[in-house]
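Its first residue numbered 1, the sequence shown is counted upward by one per residue in UniProt numbering.
We put the CB at the ideal spot given by N, CA and C, even for glycine.
Everything on this sheet refers to the single structure shown next.
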Amino acid sequence: MITSLSRSTPIPRPRRRRRPLPWFRALLAVATLLLPGLVAAKSVAAGTNRACAITAAGALKCWGASPGDGGGGSQAPVPVFGLEQGALHVAQGATQSCVLSTGGRLRCWGNNSYGQLGDNTTTARSTPADVVGFASGALDFAVGAEFGCAVTATGGVRCWGRNHQGQLGDNSTTQRNAPVDVPGLSAIRAVATGYYHACALSQAGAVKCWGYNNRGQLGDGSNLNRLTPIAVAGLGSGVSAIAAGGYTTCALLADATVRCWGQNDAGQLGDGSLVDRWQPTAVLSLSGVAEISVGGYHTCARSAAGAAFCWGANGNGELGDSTRLNRLTPVAVTDLGSAVTQIATGTELSCFRRSNHEIRCAGNGDVGALGNGFDGGWASLAQSLAALPEAVDKLAAGGHIGANIQDGHTCARTLSGGAWCWGSNYRGQLGQGHTNWSRNGPAVVTGYASGVRDIGAGSGHSCLLTQAGAVKCWGGNDQGQLGNNATGNRTLPEDVVGASSQVTQLGVGIFHNCVRTSAGGVRCWGDNNFGQLGDGTATDRRSAVDVAGMLSGMRSVSAGGSHSCAVSSAGALRCWGDNTYGQLGDGTVTARTTPVPVSGLGSGVDSVSLGEFHSCALLSSGAVKCWGLNDYGQVGDGGNTQQLLPVDVAGLGAGSTSSIEAGGRHTCARSGGGLLCWGINNRAQLGDGSTANRYVPTPAAGLSAGVNVYSAGGYHTCATRQGLVYCFGWGENGPLGNGRETDYLQAQAVATWLVAGDVIFRDSFQ
């Protein structure tokens, strides 16, 4: 869970129309996120097009543009390089981000054209670099458009970066690539920054400001720039907190009321007018305030009772009131109730942390700034972050070779029984109630935050098994694969007719599905063009039908491309359906509409897993055998010759393997706690750091030990290690779940939070 939020200061830019979210995104009710090991956040920052949060364990995670992991933008939270622990407070400027960590160490990353990183260079950094003179001792800091300021251990203030308006307060307009002292300040406890001005709050509760003053944001009764600090009129004492953003400044008084001054053309001062104020003016209808945050053109406050209020510009829904109307006085943020514990604002973005450790953001979603797995659009209702809430114990990677790549998606079951999916959603396979947007990070399946026993992903559809023994499916349904006795895609889970109770195990294929019942029987539904439903026909079925001769006595079932297999309680394996490439293992290429025994395996089979045109069995001895299509080495025997009968997988003899998973045209196995994969690798789905096909089992890089569960899809593979999910392969439309759409040759962590502790937001868009 998150412990802190921050916000960023952007460069002023013309207001422009944004591509709106469709109704389902703008008005969608969102779910809570509590991730594996994600402790309460201590600081959250929301900026122009990015935001960050610190977990209670002190790890920093960011999303949007330049998140600090050395990569490109991310639409879901990613870890910041070198800050796995110790982070205390995070803040963002127009093009830079900074973080304060244990011991007062201050580091920044991003653009550095004006020396805004404070590292005595003008070299851009994609990962955090130390601010000169602040390897320790910083007490507080704030980041402006292209500059920053920090409170020293002795209560002074030092600033660095761009200085064209005197915003560094050193009585000059000279750019500084390293921090310089601000004269005339002592006993300072906090600083705040806007675009090009800064303010300091003393221990005595007095406020002084300096820098740009075109809209009266310095509060001295004039609009003259000040190169050194000047007192704010009427605020010589009695101030408990300050916040600044854009050309506006606000103060929280000791009596829990708020006063603001500066620019007001969008109503961001909250005094009911559109008139700039050069001195502090009271915000109307607002009392009992515990926290304030000023964005580019809007302002938000949190009451001591836990309610959130915002006012000012709302063109991108940043006020979170379900509209895009500017507000001249405070309005309540919709759908947050009285559970808000922290707030943070950016230029056109607001984020809120709730008492259940959930973070929601509203406003401009460019470059994934909302952190909800989307790029672009706007949201007038606060959206949950796209990240898993806790450890995962079941995985399902969907898609198949030769399909439109849009069908790649992944689903997972968390330890508490929640169902989460991410990736392509063009047929509604994520279970979000719509088909319009894919997601680059996890989202809970609507209505199933708990109560799920198992989950599966096919090609454009998904299914889950509830703890009560009922099967629900959603997504593509052109061949009856949802089992709802109908056709037509479904964007939310629906009951499978004939499998709505007493189901104990689920097998999801490309366009058909099978289940094992509590009586040990097997039932299937969906596409049946090769007899893969096992009912003696080749007729598609829109509801579950019994497999011939399998009313009882079966241990498990698996569904593949257009064939199916089941293992009996005695360990005998039988298969049925398509046999074009010998994938039924009976020594022929004849399709079977009812089950036939797999030759040569007897009663020694532990489990079976099916690919698109090949099959693999884990024997009770721990050895692995595969058969069927072998054009890319997916059978694992060292060659690429089709096999009509089971053959040994190279290096996976008796005692070597604990589980197997067949994907589209690749296969993976867990051996000694590590993950081995082989077969097609054109999209890096083997995770070995290359795109070379492998004809024998090859270790997946970074997953040599500690692998718990895993799943192989069409073009990607996912695995868990210590409950965290890692994916690799084709990233288009987000099936890797790491906030990006890039292919990855090695394992990448799926966006996730760790659970525990409380969150402490600190706004830093100043």
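Would residue 169 and residue 182 be called neighbours here (beta carbons separated by less than 9 Å)? yes
Take every Cβ of the segment 272-281, pair it with every Cβ of the segment 305-325, and state whether three or more of those distances are shorter than 8 Å. no
Just to confirm, are residue 191 and residue 260 a CB contact at a threshold of 9 Å? no
Which class does residue 580 belong to by DSSP, given the choice of helix, strand or coil? coil
Closest to residue 347 by C-alpha separation, out of 640, 713, 95 and 677, would be which residue? 95
From which residue to which residue does the beta strand (DSSP E) around residue 652 run? Counting along the chain, residue 652 falls outside any beta strand (DSSP E), and DSSP gives it neither H nor E.
Using CA atoms only, rank isn't needed, just tell me which of 585, 492 and 533 is closest to residue 642. 585
Please report how far the alpha carbon of residue 171 lies from the alpha carbon of residue 228, in whole angstroms. 5 Å
Using DSSP's beta-bridge definition, name the partner residues of residue 666. 679
Leaving out five residues before and five after residue 119 in sequence, what residues of the same chain have Cβ atoms less than 8 Å from its Cβ? 108, 112, 125, 129, 130, 131, 132, 177 and 178
Output the distance between the C-alpha atoms of residue 214 and residue 295, rounded to the nearest integer angstrom. 17 Å
In terms of residue numbering, what span does the beta strand (DSSP E) encompassing residue 195 cover? Here residue 195 belongs to no beta strand (DSSP E), and DSSP marks it neither H nor E.
What is the DSSP secondary structure of residue 410, counted as helix, strand or coil? strand
Which residues in the same chain have their Cβ closer than 8 Å to the Cβ of residue 799, if we skip the five residues on either side of it in sequence? This structure leaves residue 799 out entirely; the chain is present only between 1 and 766.
Can you give the Cα-Cα distance for residue 431 and residue 486, rounded to whole angstroms? 18 Å
Specify whether the segment 462-470 and the segment 499-517 touch according to this definition: at least 3 beta carbon pairs, one from each stretch, less than 8 Å apart. yes
Let's test the definition: count the other Cβ atoms within 10 Å of the Cβ of residue 153 and tell me whether it reaches 16, buried, or not, exposed. exposed
Taking the CB atoms as reference points, tell me whether residue 164 and residue 397 lie closer together than 9 Å. no
Residue 532 to residue 492, Cα distance in whole Å? 26 Å
For the candidate residues 334, 587 and 216, whose alpha-carbon lies nearest to that of residue 645? 587
Distance, residue 102 Cα to residue 423 Cα: 37 Å
Rounded straight-line distance, which links the Cα of residue 625 to that of residue 685: 21 Å
Pairwise C-alpha distance: residue 610 and residue 658: 16 Å
Rounded separation between residue 539 and residue 439 - CA only: 35 Å
So, with DSSP's three-state summary, where would you put residue 154? coil
Report yes if the CB atom of residue 328 is closer than 9 Å to the CB atom of residue 276, and no otherwise. no
Please identify the residue among 230, 202 and 550 whose C-alpha is closest to the C-alpha of residue 212. 230
Measuring straight from C-alpha to C-alpha, what distance separates residue 61 and residue 534? 49 Å
For residue 102, which of helix, strand or coil comes out of DSSP? helix
Please list the terminal residues of the continuous beta strand (DSSP E) segment that includes residue 513. 512-517
Tell me the residue span of the beta strand (DSSP E) that contains residue 730. Neither: residue 730 is in no beta strand (DSSP E) and is coded neither H nor E.
Buried or exposed: residue 248, going by 16 or more other Cβ atoms within 10 Å of its Cβ? buried
Could you check whether the segment 408-426 touches the segment 728-735, counting it as contact only if at least three pairs of C-beta atoms, one from each stretch, sit closer than 8 Å? yes
Drop a sphere of 10 angstroms on the beta-carbon of residue 336, count the other beta-carbons inside from all chains shown, and report buried for 16 or more, exposed for fewer. buried
Please state whether DSSP places residue 298 in a helix, a strand or coil. strand
Can you tell me which of the three DSSP states residue 744 falls into? strand
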